[in-house]
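Just so we're on the same page, my numbering is the position in the sequence shown counted from 1, plus 70.
Step one of this worksheet: look at the structure below.
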Amino acid sequence: MFVSNFLSKFNFYDIEFQRFQRDAYVLIEGSLDASIQHLRTATESRLAEIDAGIEKATNQGYQQYLVDEHDVVSATNSDQEQFLRNMALVALASRLTHSLNSMARSAESFSKRKKRYTKKKRMSEFGLLWAEYQARFGIDFSREHKD
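Here it is, written out as structure tokens:
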């Protein structure tokens, strides 16, 4: 009786949502922010060294080299920051996929899964999830984002 009562109040979906939210904010966004901050600090330090060198340089050729180096360091920082943001996006998409699959597995007690949910031969992983959620639960993700 206790186990049955406990399980009836146990919300797997809310727990999975809370895990997703924690991972999204603490692990993914937090790591992204820390990485970008570290990258910016290192870049600003290097650029300050280069700027000091430019001011002290007496040789025009060396001064031009430092100006070029300044541009390279700035461009590299921009590329690295974009790479970090892309990694965070991939991590977020992966975590979302995991959560949606987990929730779909948890729903098997009241809505059995079929072997495949495809409308076309080639569907993305999200496309397959959208098709499954539409077929099993009547959730149309293509309409949900417009409201």
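C-beta atoms are modelled at their ideal positions from N, C-alpha and C, and glycine is treated no differently.
Taking contact to mean 3 or more Cβ pairs, one atom from each stretch, closer than 8 Å, check whether the segment 81 to 92 and the segment 112 to 123 are in contact.
The segment 81 to 92 is not in contact with the segment 112 to 123.
Once DSSP output is grouped into helix, strand and coil, what is the label at MET157?
MET157 falls in the helix class under three-state DSSP.
Could you round the C-beta distance between PHE211 and TRP200 to whole angstroms and report it? I think they count as a contact, below 8 Å.
About 5 Å; that satisfies the 8 Å criterion.
Could you compute how far the alpha carbon of HIS140 sits from the alpha carbon of GLN150?
Using only the alpha carbons, I get a separation of about 15 Å.
Taking the alpha-carbon positions, what's the TYR203 to ARG110 distance?
Using only the alpha carbons, I get a separation of about 42 Å.
Helix, strand or coil: which one does DSSP assign to ASP210?
Correct three-state label for ASP210: coil.
Kindly list the residues whose CB is nearer than 8 Å to the CB of SER176, restricted to its own chain and excluding five residues on each side of it in sequence; keep chain order.
So the list reads PHE82, TYR83 and GLU86, once near-sequence residues are dropped.
For ALA174, which residues of its own chain have a beta-carbon under 8 Å away from its beta-carbon, when the five flanking residues on both sides are left out?
ARG183, LEU199, GLU202, TYR203 and ARG206, listed in sequence order.
Would you check if the distance between the CB atom of PHE90 and the CB atom of SER164 is smaller than 8 Å?
In this structure, SER164 does not lie closer than 8 Å to PHE90 by Cβ.
Assuming contact is defined by CB atoms lying nearer than 8 Å, are ILE209 and LEU154 in contact in what I supplied?
Result no, Cβ atoms of ILE209 and LEU154 do not sit closer than 8 Å.
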